[in-house]
Amino acid sequence: MQGSANLNIMVKAARAAGRSLVKDFREVENLQVSMKGAGDFVSKADIAAEAILKEELMGARPTYGWLGEESAEEEGKDPTRRWIVDPLDGTTNFLHGMPHWAVSIALEHKGEIVSAVVYDPAKDEMFFAEKGQGCWLNDKTRLRVSGRSRMIESVFATGVPFGGGKYLPATLQDLAGLMPECAGVRRWGAAALDLAYVAAGRYDGYWERGLHIWDIAGGVLLVKEAGGFVEPIREGQNLLEDGHLICANPDIFPAFSKVIRARE
Ligand code: IPD
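Residue numbers (this note's numbering): 11 to 274.
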C-alpha cells in the first residue's frame, strides 16, 4: 500500500525505536540474574525508545501534540493533531526475555485516530492502517478479521490484571462465563499485539478492562480497518479514555459480547 507522508514517518520511527529495543532485549537475558537490575535496565530501554520516537515524530511534525507513556504530555501549536505513543507495550514480556512486545504509534486528528502503526520488532511484523485505506502487514498483505461465527471454534484474547489490579474479579468472572463456550483464551501480555492479531484474523476477538489510551489507540484503528467491530464494554463509556474494550469479527461479536456483557 502507498501510505501517506505521515504513515511513512511513523513506520520509519517505529523501525528506529525497534532497532534500539532489539539491541536492549538481547542484553536483558544477561541481566536475568538480578531482577532489580533487569527492571531498571528495561525502564531505561523503554525511555530511550520513547526518546527516539519523539525525535523522529516531533522532528518531522513539530506542530503536533504529544502523548507518550514515558514522558510529559504536550499540547501542539496545532491543537487538532497529536501523536499517541507507547514505545514498549508488553513490558513484562520484555523483562522476562519473551519475544512478544511492540511499539505502538497512533496519529489523532480532531479526536479521531487516522493513522496507526503497531510494530513487533522481534518477529519483524509491521501492522499499519490508515482511515479508509484498510489494514496491512509488512506492505504486501492486506488484513481481514477472521470469518469464524461459532463460539466453540473461536479463540479469544484478554489481559488478566496483575498485582491486585482493580478489574481482576470482573475478568475472572468473564473467564468463567467464556471458557466453557469457546476454543480457547490467550493472555499474551501486549494489548497492542492482541488488537493487531484480531485484525490479522489470528484471534477471533479480544476484550480487556482498564487499558491506557497509548496501549490501544493504534490497535483500535487496525481492527476497524480490517473489518472488525470495536466497542466500549459498557454503553456510554469512552472507548479510548476509559479503556474498557471489546472487539471481534462481526460474525462472532454478538455472541461474544453477550457473554462478556452478561455481568455488566
Ligand atoms: C500492558 C500490556 C498488557 C495489558 C496491560 C498493559 P505495558 O502495557 O498491554 O497486555 O494487560 O493492561 O498495561 O505496560 O506493557 O505498556
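In this text, a Cβ means the ideal position worked out from N, Cα and C, and glycines have one as well.
Computed from a predicted structure; not experimentally measured.
Between V233 and V208 the beta-carbon gap is near 5 Å, inside 8 Å, which marks them as a contact. The residue among A58, C192, G75 and A61 with its C-alpha nearest the C-alpha of K87 is G75. Among the bridge pairs identified by DSSP, S30 is matched with none. Sequence-distant Cβ neighbours of H106 in its own chain, meaning closer than 6 Å and more than five residues away, do not exist here.
Straight-line spacing of the CA atoms in F138 and G187 works out to 33 Å. Comparing C-alpha distances from D261 to each of V170, S156, A26 and K133 shows the shortest one belongs to S156. Here L17 carries a helix assignment [DSSP, helix/strand/coil]. Fewer than three Cβ pairs drawn from the segment 29–41 and the segment 142–149 lie within less than 8 Å of each other, which leaves the two stretches out of contact. For I162, no beta strand (DSSP E) segment is defined, and its DSSP state is neither H nor E. The Cβ atoms of L221 and G253 sit closer than 8 Å to each other. Less than 8 Å divides the Cβ of E218 from the Cβ of T168. Taking C-beta atoms as the reference points, D130 and W224 fail to come closer than 8 Å. Counting along the chain, G78 sits inside the beta strand (DSSP E) bounded by residues G75 to G78. Minimum Cα-Cα distance from K22 among the listed residues Y213, I256, E235 and M136 corresponds to M136. For G121, there is no enclosing beta strand (DSSP E), as DSSP marks it with neither H nor E.
Between G228 and S164, the CB-CB gap reaches or exceeds 8 Å. Closest by C-alpha distance to W93, out of G237, R244 and L67, is L67.
With fewer than 16 other CB atoms across the displayed protein chains lying within 10 angstroms of its CB, G174 is exposed.
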